[in-house]
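Student:
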Amino acid sequence: MVRFLLRLVAASPRALLRLDLISQQIYNAGALSLVIIMLSGLFVGMVLGLQGFQLLQRFGSEDALGTAATIGLVKELGPVVTALLFAGRAGTALASELGLMRATDQLSAMEMMAVDPIRRVVVPRFLGGVIAMPLLAAIFSVIGIYGAQLVGVQIMGVDSGSFWSQMRAAVGLRDINEGIVKSCIFGVTCSLIAVYEGYYATPTAEGVGRATTRTVVTSAVFTLFLDYLITAAFL
Amino acid sequence: MRKSRTLDLGTGSFVLLGFAALFFLTTQTTSRGISLASPPHYDLTAKFDNIGDLKVGAPVSMSGVEMGRVTKIDFDWKEYKAAVTLRIDARYNQIPTDSDASIYTQGLLGGKFVGLTAGGAETYLKNGDQIAFTQSAFVLENLIGQFAANFMKGNAQSDSGKSKTDAPAAAEPKPKEKTK
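Chains as they are written, first to last, in the numbering used here: chain A, 1 to 235; chain B, 1 to 180.
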């Protein structure tokens, strides 16, 4: 899989010239995942607001809700949940699409026409996912913070000034940075796994199904595993 | 052609939205914030000996009604005091000039806020005025220190033989802080 990644990276500069292909894949992976990302972000944020409020209230420090929700969302939940949803929404689509192309000999047909399928088909999908993922994670975090604010401030009555000011005092650029680094790495991981599984799928109906399943499972496990590693590296 | 246009539009707006989200995260949730346009207001300053952990953005209230926010915390090198700028909502423009400002804590461990107590003067504070009477933040450690010092002094005077019991007794003052 590492060799496959290197092949993709090597083919990327040439593929970057075909911006229209990449733009289409960003649309597929990103813009079409927007609804699920925003809805999930909103509800995750609202749950964080509710749970955080219940917990912090015991210590009389509800004001720290903004900090708790933001740190939780930006550093962990944003990148991780987005990566999981991304693997489920965009990763499976990529894997099954490529797998089906393989099964129906479209990839071989391209090779026959001297079109490199890696450059024409795989790399744009990979890059589209890599670009879309951090943006999706950022949108997820922002909507999540809004959701926490909605529950904490509007419903539970935390002071909005304390909510934002304590958040601003406690959240640093470093935290945001950690979130961005994580989402970029998850974007590479999930996209790579999806195109790899699809590209090397057994060219049967069953093989495509298995490739799709394995995309989700492997992506989820790798995401959580890498999450731990990156968190440890950032400490 | 038509399809590719909606597609480009979709991609473009998605990327824009993503970068807007990143921008929001870096500016609005961290301390390098750019604050949004604020409603009509006027600024007052107050100098405190000690502001504890008062933060920019903390509420300013009178009788529990929120009237504004702390917008700036500076250090005054002439008087060696903390200079706090309070941004008061323009609706509350009748704060007497001899009002005093104190720093209180929300809850036991909550954040600090500035509480104003109205004075009796007929004239009102205007933009740029300074609140003359201030009371510093209540710092728990100082109070415990003072209490412990007094307690030990009292203990030593009343009974010098039992000085070994100081340690368990020192834990006692804490509940008393709550009532303050």
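Even glycine gets a Cβ: it sits at the ideal position worked out from N, Cα and C.
Keep in mind that this is a model prediction, so the values were computed, not measured.
Between A:Glu-197, A:Val-80, A:Glu-178 and A:Ile-145, which lies nearest to A:Arg-102 when the distance is taken from Cα to Cα?
Tutor: Numbered from 1 along the first sequence, position 102 holds the residue referred to as residue 102 of chain A. Ranked by Cα distance from A:Arg-102, the first of A:Glu-197, A:Val-80, A:Glu-178 and A:Ile-145 is A:Glu-197.
Student: Consult DSSP for B:Ile-73 and reduce its assignment to one of helix, strand or coil.
Tutor: Position 73 of the second sequence holds residue 73 of chain B. Of the three classes helix, strand and coil, the one that applies to B:Ile-73 here is strand, per DSSP.
Student: Measuring from the CB of A:Ala-169, is there a heavy atom of the ligand FAD at a distance below 7 Å?
Tutor: Absence of the ligand FAD from the depicted structure is noted, as is the absence of any ligand whatsoever, leaving it without description.
Student: Does DSSP classify A:Asp-116 as helix, strand or coil?
Tutor: One-based indexing of the first sequence puts residue 116 of chain A at position 116. Coil, per DSSP.
Student: Whole-angstrom Cβ separation of B:Val-56 and B:Met-67, contact assumed at under 8 Å?
Tutor: Position 56 of the second sequence, counted from the first residue, corresponds to residue 56 of chain B. Position 67 of the second sequence, counted from the first residue, corresponds to residue 67 of chain B. At roughly 16 Å, the Cβ-Cβ gap does not stay under 8 Å, so B:Val-56 and B:Met-67 are not in contact.
Student: Within the 8 Å Cβ cut-off, does B:Lys-72 reach chain A?
Tutor: Taking the first residue of the second sequence as 1, we reach residue 72 of chain B at position 72. By this cut-off, B:Lys-72 is not an interface position.
Student: Less than 8 Å between the C-beta atoms of A:Gly-152 and A:Phe-140, yes or no?
Tutor: Numbered from its first residue, the first sequence carries residue 152 of chain A at position 152. Numbered from its first residue, the first sequence carries residue 140 of chain A at position 140. For A:Gly-152 and A:Phe-140, no; Cβs fall outside 8 Å.
Student: What do you get for A:Asn-28, buried or exposed, if any count of 16 or more other CB atoms within 10 angstroms of its CB means buried?
Tutor: Here the question's residue 28 of chain A lines up with position 28 in the first sequence. Buried, since its Cβ has 16 or more Cβ neighbours within 10 Å.
Student: With three or more C-beta pairs closer than 8 Å as the rule, is the stretch 69–85 of chain A touching the stretch 40–48 of chain A?
Tutor: yes
Student: At the level of alpha carbons, what is the spacing between B:Lys-112 and B:Tyr-104?
Tutor: Here residue 112 of chain B corresponds to residue number 112 of the second sequence, with the count starting at 1. Here residue 104 of chain B corresponds to residue number 104 of the second sequence, with the count starting at 1. Rounded to whole angstroms, B:Lys-112 to B:Tyr-104 spans 6 Å at the Cα level.
Student: Taking the beta carbon of B:Tyr-80 as the centre, do at least 16 other beta carbons fall within 10 Å, making it buried, or is it exposed?
Tutor: Position 80 of the second sequence, counted from the start, is the residue given in the question as residue 80 of chain B. Counting the other Cβ atoms within 10 Å of the Cβ of B:Tyr-80 gives fewer than 16, which makes it exposed.
Student: Determine the burial state of A:Ser-23: buried for a count of at least 16 other Cβ atoms within 10 Å of its Cβ, exposed for fewer.
Tutor: As a working note, residue 23 of chain A is residue 23 in the first sequence. A:Ser-23 should be labelled buried.
Student: Counting only Cβ pairs nearer than 8 Å, list the residues of chain A close to B:Leu-17.
Tutor: On the second sequence, position 17 is the one that residue 17 of chain B refers to. Ordered by position in chain A, the residues that pass the 8 Å Cβ test against B:Leu-17 are Leu-34, Leu-135 and Ile-139.
Student: Using a Cβ-Cβ cut-off of less than 7 Å, list which residues of the stretch 164–178 of chain A approach chain B; keep chain order.
Tutor: Within the stretch 164–178 of chain A, the residues whose Cβ lies closer than 7 Å to some Cβ of chain B are Trp-164, Ser-165, Gln-166, Met-167, Arg-168, Ala-169, Val-171, Gly-172, Leu-173 and Ile-176, listed in chain order.
Student: Start and end of the beta strand (DSSP E) containing B:Val-114?
Tutor: What you label residue 114 of chain B is simply residue 114 of the second sequence in a count that begins at 1. For B:Val-114, the enclosing beta strand (DSSP E) begins and ends at 112–117.
Student: If you measure from the beta carbon of A:Thr-70 to each beta carbon in chain B, is any gap under 8 Å?
Tutor: Stepping through the first sequence from its first residue, residue 70 of chain A is reached at position 70. Closer than 8 Å: yes.
Student: Beta carbon of A:Met-167, beta carbon of A:Thr-67: below 8 Å?
Tutor: Here residue 167 of chain A refers to the residue found at position 167 when the first sequence is read from its first residue. Here residue 67 of chain A refers to the residue found at position 67 when the first sequence is read from its first residue. Cβ atoms of A:Met-167 and A:Thr-67: closer than 8 Å.
Student: Nearest by alpha-carbon distance to B:Phe-133: which of B:Asn-50, B:Lys-78, B:Thr-30 and B:Asp-100 is it?
Tutor: On the second sequence, residue 133 of chain B is found 133 positions in, with the first residue counted as 1. Comparing Cα positions, the closest option is B:Asp-100.
Student: Using a 10 Å radius around the Cβ and a threshold of 16 neighbouring Cβ atoms, would you call A:Phe-59 buried or exposed?
Tutor: As a first step, residue 59 of chain A must be located in the first sequence, where it is residue number 59. It counts as exposed.
Student: For B:Ala-59, which residues in chain A fall below 8 Å Cβ to Cβ?
Tutor: Taking the first residue of the second sequence as 1, we reach residue 59 of chain B at position 59. For the sequence presented, residue 59 of chain B should be read as Pro rather than Ala. Asp-159, Gly-161 and Ser-162, listed in chain order.
Student: Considering only residues of the same chain and omitting the five flanking positions on each side of A:Leu-107, which have a CB-CB separation below 6 Å?
Tutor: Numbered from its first residue, the first sequence carries residue 107 of chain A at position 107. Counting only Cβ-Cβ distances below 6 Å, and skipping sequence neighbours, we find Met-101 and Pro-117.
Student: Verify the CB distance criterion: does B:Arg-69 have a CB-CB separation below 8 Å to chain A?
Tutor: What you label residue 69 of chain B is simply residue 69 of the second sequence in a count that begins at 1. When Cβ-Cβ separations below 8 Å define contact, B:Arg-69 makes contact with chain A.
Student: So A:Gly-144 and A:Leu-48 are in contact, right, with Cβ under 8 Å, and what is the actual spacing, rounded?
Tutor: Here residue 144 of chain A is taken as the residue at index 144 of the first sequence, counted from 1. Here residue 48 of chain A is taken as the residue at index 48 of the first sequence, counted from 1. At roughly 7 Å, the Cβ-Cβ gap stays under 8 Å, so A:Gly-144 and A:Leu-48 are in contact.
Student: Rounded C-beta distance between A:Pro-124 and A:Gln-25? I'm assuming under 8 Å.
Tutor: Translated into the one-based positions of the first sequence, residue 124 of chain A becomes position 124. Translated into the one-based positions of the first sequence, residue 25 of chain A becomes position 25. Yes, they are in contact, since the Cβ atoms of A:Pro-124 and A:Gln-25 sit about 5 Å apart, within 8 Å.
Student: If you compare alpha carbons, which of B:Asp-43, B:Asp-98 and B:Gly-119 is closest to B:Ile-73?
Tutor: By 1-based counting over the second sequence, the position of residue 73 of chain B is 73. Ranking B:Asp-43, B:Asp-98 and B:Gly-119 by CA distance to the CA of B:Ile-73 puts B:Asp-43 first.
Student: Taking any Cβ of chain C, which residues in the stretch 26–50 of chain A have a Cβ under 7 Å from it, in chain order?
Tutor: Checking the listed chains, one finds no chain C in this structure; the protein chains it contains are A and B.
Student: Straight-line CA distance for B:Ser-4 to A:Gln-51?
Tutor: In the second sequence, residue 4 of chain B corresponds to position 4, counting from 1. In the first sequence, residue 51 of chain A corresponds to position 51, counting from 1. About 44 Å.
Student: State yes or no: is the C-beta of B:Leu-125 within less than 8 Å of the C-beta of B:Thr-97?
Tutor: The residue given as residue 125 of chain B occupies position 125 in the second sequence. The residue given as residue 97 of chain B occupies position 97 in the second sequence. Yes, they are a contact pair.
Student: Checking the sheet assignment: what are the DSSP bridge partners for B:Glu-66?
Tutor: If you number the second sequence from 1, residue 66 of chain B lands on position 66. Looking at the DSSP assignment, B:Glu-66 forms a beta bridge with B:Ser-61.
Student: Is the separation between the beta-carbon of A:Glu-62 and that of A:Val-158 shorter than 8 Å?
Tutor: Reading the first sequence from its first residue, position 62 is the one you call residue 62 of chain A. Reading the first sequence from its first residue, position 158 is the one you call residue 158 of chain A. Result yes, Cβ atoms of A:Glu-62 and A:Val-158 sit closer than 8 Å.
Student: With A:Gly-99 and A:Ala-220 assumed to form a contact (beta carbons below 8 Å), what rounded beta-carbon distance in angstroms separates them?
Tutor: Within the first sequence, residue 99 of chain A is the residue found at index 99, counting from 1. Within the first sequence, residue 220 of chain A is the residue found at index 220, counting from 1. Going by Cβ atoms, the distance from A:Gly-99 to A:Ala-220 rounds to 19 Å, so no, they are not a contact pair.
Student: List the residues that DSSP assigns as beta-bridge partners of B:Tyr-124.
Tutor: Here residue 124 of chain B corresponds to residue number 124 of the second sequence, with the count starting at 1. Note: B:Tyr-124 sits in a beta bridge opposite B:Pro-96.
Student: Can you tell me whether DSSP reads B:Ala-46 as helix, strand or coil?
Tutor: What you label residue 46 of chain B is simply residue 46 of the second sequence in a count that begins at 1. The answer is strand: DSSP assigns B:Ala-46 an E or B state.
Student: Between which two residues does the alpha helix (DSSP H) holding A:Ile-36 run?
Tutor: Position 36 of the first sequence holds residue 36 of chain A. Note, A:Ile-36: alpha helix (DSSP H), 34–58.
Student: So, helix, strand or coil for B:Val-84, using DSSP?
Tutor: Position 84 of the second sequence, counted from the start, is the residue given in the question as residue 84 of chain B. Strand at B:Val-84.
Student: Please compile the residues from chain A whose C-beta is within a distance smaller than 9 Å of the C-beta of B:Phe-75.
Tutor: Counting from one through the second sequence, the residue named residue 75 of chain B turns up at place 75. Near B:Phe-75 there are no residues of chain A at all, since even the closest Cβ is about 17 Å away, more than 9 Å.
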